[in-house]
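Peer 1: Residue numbers (my numbering), protein chains in the order written: chain G, 873 to 1157; chain Y, 873 to 1157; chain E, 36 to 130; chain W, 36 to 130.
Ideal Cβ positions, reconstructed from N, Cα and C, are used throughout, including at glycine.
Note that the structure is a prediction, hence the values are computed from the model and not measured.
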Ligand SMILES: [Fe+3]
Ligand SMILES: [Fe+3]
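1. When the Cβ atoms of the region 1127-1145 of chain G are set against those of the region 891-905 of chain G, are three or more pairs found closer than 8 Å?
2. Of all the beta strand (DSSP E) runs that stay within the bounds of the region 1103-1138 of chain Y, which reach a length of 3 or more residues?
3. Quick check: is the beta carbon of residue 1158 of chain G nearer than 8 Å to any beta carbon in chain Y?
4. May I ask you to check if the CB of residue 1061 of chain G is nearer than 7 Å to at least one heavy atom of ligand 1?
5. How far does the alpha helix (DSSP H) with residue 1096 of chain G in it reach, from first residue to last?
6. Whose Cβ in chain G lies nearer than 9 Å to the Cβ of residue 1094 of chain Y?
7. Please classify residue 1139 of chain Y as buried or exposed, where buried requires at least 16 neighbouring CB atoms within 10 angstroms.
8. Report back the beta-carbon spacing between residue 1148 of chain Y and residue 878 of chain Y to the nearest angstrom; my notes put them in contact at under 8 Å.
9. Give the list of continuous alpha helix (DSSP H) stretches no shorter than 4 residues that lie fully inside the region 37-79 of chain E.
10. Along chain E, in chain order, which residues have C-beta atoms closer than 8 Å to that of residue 929 of chain Y?
11. So what does residue 1053 of chain Y bridge to, in DSSP terms?
12. Any chance the CB of residue 817 of chain G is under 7 Å from a heavy atom of ligand 2?
13. For the candidate residues G:960, G:947 and G:987, whose alpha-carbon lies nearest to that of residue 999 of chain G?
14. Considering residue 87 of chain W, what are the terminal residues of the alpha helix (DSSP H) in which it resides?
15. Anyone know if the C-beta pair for residue 1111 of chain G and residue 1064 of chain G falls short of 8 Å?
16. For residue 918 of chain G, which residues of its own chain have a beta-carbon under 6 Å away from its beta-carbon, when the five flanking residues on both sides are left out?
17. Does any CB atom of chain G fall closer than 8 Å to the CB of residue 1170 of chain Y?
18. Any chance you could list the alpha helix (DSSP H) runs of at least 4 consecutive residues sitting entirely within the region 966-1013 of chain G, in chain order?
19. Is any beta-carbon of chain W found at less than 8 Å from that of residue 1117 of chain Y?
20. Pick out whichever of Y:1033, Y:939, Y:1122 and Y:929 has its Cα sitting closest to the Cα of residue 1018 of chain Y.
21. Output, in sequence order along the chain, the residues in the region 992-1010 of chain G whose CB is closer than 9 Å to any CB in chain W.
22. Counting only the same chain and skipping the five closest in sequence on each side, list residues whose C-beta sits under 6 Å from that of residue 881 of chain Y.
23. Counting pairs of Cβ atoms below 8 Å between the region 118-130 of chain E and the region 1064-1078 of chain G, do you hit three or more?
24. Inspect the beta-carbon positions of residue 883 of chain G and residue 941 of chain G and report whether they are closer than 8 Å.
25. What does DSSP give as the partner residues of residue 1146 of chain Y in its beta bridges?
26. Name the chain W residues whose beta carbon is nearer than 7 Å to that of residue 862 of chain Y?
27. For a test of the three-state rule: what should DSSP assign to residue 922 of chain Y, helix, strand or coil?
28. State the CB to CB distance for the pair residue 874 of chain Y and residue 1048 of chain Y, rounded to an integer number of angstroms; the pair is presumed to be in contact (CB under 8 Å).
29. Hey, how far is the Cα of residue 114 of chain W from the Cα of residue 1097 of chain Y?
30. Flag residue 888 of chain Y as yes if its beta-carbon sits less than 8 Å from any beta-carbon of chain W, otherwise no.
31. Can residue 923 of chain G and residue 1009 of chain G be called in contact, C-beta distance under 8 Å?
32. Within the present structure, is the beta-carbon of residue 884 of chain G separated from the nearest heavy atom of ligand 1 by less than 7 Å?
33. How would you write the range of the beta strand (DSSP E) that residue 106 of chain E sits in, first residue to last?
34. Kindly indicate which three-state DSSP category residue 1063 of chain G falls into: helix, strand or coil?
35. Give the residues from the region 924-957 of chain G that approach chain Y closer than 8 Å (Cβ to any Cβ), ordered along the chain.
36. How is residue 963 of chain G classed by DSSP in three states: helix, strand or coil?
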């Protein structure tokens, strides 16, 4: 049996690494840096053998010619982000081994737990993976298992399906024959708009951000699922459905309130959330 | 509410159309021709507005770079088979409109019923679709909704998942807002070997074929699911997992015994099965 | 329903340098044979992003495409983009 | 685990006439830069289908590939194929 040791959710805002590294960061950015350093420490303290990373792809790779809602990558090694992302955001590349045994184990168990994962033997990871990995494990020394979710190309699964899939992944991990210590890292969004009329240089909907993070902090998955409809998310900002990955994390945590959670509003970019569940001491369900 | 009016399962053996059209067909082939003419008449009598066609792709299109277990096609029109299939088997092309409203409806409902369909806006249909469509609706005048299943690239979903997905599709159809009359056409295999040591010029495993068709005739889905493991199917012939689509049909029929079922063993090719559930008169569950 | 075909063009131009060059050399030729409406074709050829936005092009790749192929000075393009699409609100971009 | 890369070659050669021509013109050049083991590379270059079968190439596309590229007389190839791979039984072909 594999052991789930830590669940961490952060943003994959591709501007954030540059803002942190840049000259004279504003207080909100310094706060993000400190928060994410804490997340890095948390994951290190949990001593995972493998990081299951749950994130999206920004139509860089999976497209509407064959768009799976949930896909597991199982090539031996992976890297990212895409060249045009490096160009646009000046991102640092990330490379890691894939833990094929765990990837195949999850894939094999998935049907039994009612989830239909697509799989891929040839893929890369875009900034939704490389940005959070760069924050939480810049050493690039822990093998990963990438799980891609469709949050970009409608129709995307509704929030309750993300919640159910999170619960199912938890159960799959619990029956994996490998004795691995498994850390979960996921990235998503709060309210963000890209390519729409709203500016992307601040939270696109502070009310949505505060409301949702409050519900997450309280472990109130039921209300999150009820309120985070496609319509409400889109109204908050046209790429806000990336929020769905946080709902999946709530499912992975079986609805328990996180051990650490926070939200900051830098002046020049989208809100910066974090949430973490520490599971090494056992998890009161 | 849409209405499910007929479910038909036949083979997609790409040699069969040529054997039927060829000079001096043997009695087993004449029998197949008569059986499949009956299936065509049954579907015509059910007067479907749309054919939901459940079949596989032979690595012609979906590959292990992005292999979804279940995918719905929703481009406005489709055609097939692939050029190299036309060349190899001298198949007649098939072209049809796609009923986008029904395709999108199923896709949208799927999460609610616990199925994670991938979707595609750009695809073709290979011989697994065009052969059965050529038998059952050569007029090419009814819009289709193609549902692709992965039965070629392991790991494929186990038989009980195919059964569950069949049940779920039935429920999705029942809640579709469209008032359409829906016919289901599916193709699969019994024991067949391609590219393995066994010859493909007769059933690769008569015992498997007879056993499974007897169980299908009896509506004994439970035993089918128990016995049609990946190992047993592979032992019967290395592409036998295409049988899984018939298991899905049993799920669609909620385990009821078919109204018509048959099996013939031509001398020079794989066994020719058929199964049909007539639902226009209501379905006793 | 040719919205998918528009998105496909946007994405090819963003992701594939050969496609980008072909598009920039002769957009009409690049689009030939594709199943696009006249409006969509014209919108792509003219890089008329407000028109494409209104027709339901995926906003994420539409903005990436526009930033990539915009032929004139790009200072202020972001602000101008937002302002010019704003009247169209939030068109459905499902394919 | 480079079995996927073998299957990818088989499938390209079957599906894509340009790939077929390139493979037939110079198989070694066609395979350059691909992540294949020495055994797999040699098996592909020599069209040594029993070796590829034994290594776990997908039987369905391996036979399609072999029928497509076999350089000699193809009468009897089907029977010969079955006979020559038979000693290897049923290798796992999961990627
Ligand atoms: Fe994103
Ligand atoms: Fe088949």
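Peer 2: Well, looking at it:
1. Three or more Cβ pairs drawn from the region 1127-1145 of chain G and the region 891-905 of chain G lie within less than 8 Å of each other, which places the two stretches in contact.
2. Within the region 1103-1138 of chain Y, the complete beta strand (DSSP E) runs of at least 3 residues are 1132-1136.
3. The question about residue 1158 of chain G has no answer, for chain G in this structure spans 873 to 1157.
4. Here the question's residue 1061 of chain G lines up with position 189 in the first chain. Result yes, Cβ under 7 Å from ligand 1.
5. As a working mapping, residue 1096 of chain G is identified with position 224 in the first chain. Looking at the DSSP string, the run of the alpha helix (DSSP H) that includes residue 1096 of chain G is 1093-1099.
6. Working through the second chain from its first residue, we reach residue 1094 of chain Y at position 222. Simply none; closest approach about 16 Å.
7. Sequence index remark: in the second chain, residue 1139 of chain Y carries index 267 (1-based). A residue is called buried once 16 or more other Cβ atoms fall within 10 Å of its Cβ, and residue 1139 of chain Y, having fewer, is exposed.
8. Position 276 of the second chain, counted from the first residue, corresponds to residue 1148 of chain Y. Position 6 of the second chain, counted from the first residue, corresponds to residue 878 of chain Y. Contact flag correct, Cβ pair sits at about 7 Å.
9. Here the runs fully enclosed are 38-50, 52-60 and 62-66.
10. Here residue 929 of chain Y corresponds to residue number 57 of the second chain, with the count starting at 1. Within 8 Å Cβ-Cβ: nothing; residue 929 of chain Y doesn't reach chain E, min ~19 Å.
11. Position 181 of the second chain, counting from 1, holds the residue named residue 1053 of chain Y. Residue 1053 of chain Y pairs with Y:875.
12. The question about residue 817 of chain G has no answer here: the residues shown for chain G are numbered 873 through 1157.
13. If you number the first chain from 1, residue 999 of chain G lands on position 127. When G:960, G:947 and G:987 are compared, the shortest CA-CA separation from residue 999 of chain G is found for G:960.
14. Counting from one through the fourth chain, the residue named residue 87 of chain W turns up at place 52. Note, residue 87 of chain W: alpha helix (DSSP H), 84-89.
15. In the first chain, counting from the first residue as 1, residue 1111 of chain G sits at position 239. In the first chain, counting from the first residue as 1, residue 1064 of chain G sits at position 192. Yes, the Cβ-Cβ distance between residue 1111 of chain G and residue 1064 of chain G is below 8 Å.
16. Counted from its first residue, the first chain places residue 918 of chain G at position 46. Only 877, 878, 1055 and 1152 meet the Cβ criterion.
17. Any question about residue 1170 of chain Y goes unanswered here, given that chain Y covers just 873 to 1157.
18. Taken in chain order, the complete alpha helix (DSSP H) segments of 4 residues or longer contained in the region 966-1013 of chain G are 972-982 and 999-1008.
19. Translated into the one-based positions of the second chain, residue 1117 of chain Y becomes position 245. Between residue 1117 of chain Y and chain W, the shortest Cβ-Cβ separation is not below 8 Å.
20. Here residue 1018 of chain Y refers to the residue found at position 146 when the second chain is read from its first residue. Comparing Cα positions, the closest option is Y:929.
21. Listed by position, the residues of the region 992-1010 of chain G near chain W (Cβ gap below 9 Å) are 993 and 994.
22. Position 9 of the second chain, counted from the first residue, corresponds to residue 881 of chain Y. Closer than 6 Å at the Cβ level, and outside the excluded window around residue 881 of chain Y, lie 1058, 1118, 1121 and 1147.
23. With a cut-off of 8 Å, the region 1064-1078 of chain G and the region 118-130 of chain E count as touching, because enough Cβ pairs lie within range.
24. In the first chain, the residue the question calls residue 883 of chain G occupies position 11. In the first chain, the residue the question calls residue 941 of chain G occupies position 69. Not a contact, by the Cβ cut-off of 8 Å.
25. Locating residue 1146 of chain Y in the second chain gives position 274, where the first residue counts as 1. Bridge partners of residue 1146 of chain Y: Y:1134.
26. Residue 862 of chain Y is absent from the model: chain Y starts at 873 and stops at 1157.
27. Your numbering for residue 922 of chain Y matches position 50 in the second chain. Looking at residue 922 of chain Y - three-state DSSP - the assignment turns out to be strand.
28. Mapped onto the second chain, residue 874 of chain Y falls at position 2. Mapped onto the second chain, residue 1048 of chain Y falls at position 176. Rounded, the Cβ-Cβ distance is 4 Å, consistent with contact.
29. Counting from 1 along the fourth chain, the entry for residue 114 of chain W is found at position 79. Counting from 1 along the second chain, the entry for residue 1097 of chain Y is found at position 225. Straight-line Cα distance between these residues: approximately 34 Å.
30. To locate residue 888 of chain Y, count along the second chain from 1; it is residue 16. Taking 8 Å as the threshold, the shortest C-beta distance from residue 888 of chain Y to chain W does not fall below it.
31. Position 51 of the first chain holds residue 923 of chain G. Position 137 of the first chain holds residue 1009 of chain G. Yes.
32. Locating residue 884 of chain G in the first chain gives position 12, where the first residue counts as 1. Flag set: Cβ of residue 884 of chain G near ligand 1.
33. Counting from 1 along the third chain, the entry for residue 106 of chain E is found at position 71. Unbroken run through residue 106 of chain E: none, as it is neither H nor E.
34. Here residue 1063 of chain G is taken as the residue at index 191 of the first chain, counted from 1. It is coil, neither helix nor strand.
35. Listed by position, the residues of the region 924-957 of chain G near chain Y (Cβ gap below 8 Å) are 934, 936, 937, 938, 939, 940, 941, 942 and 943.
36. Residue numbering aside, residue 963 of chain G sits at position 91 when the first chain is read from its first letter. In this structure, residue 963 of chain G counts as coil in the three-state DSSP scheme.
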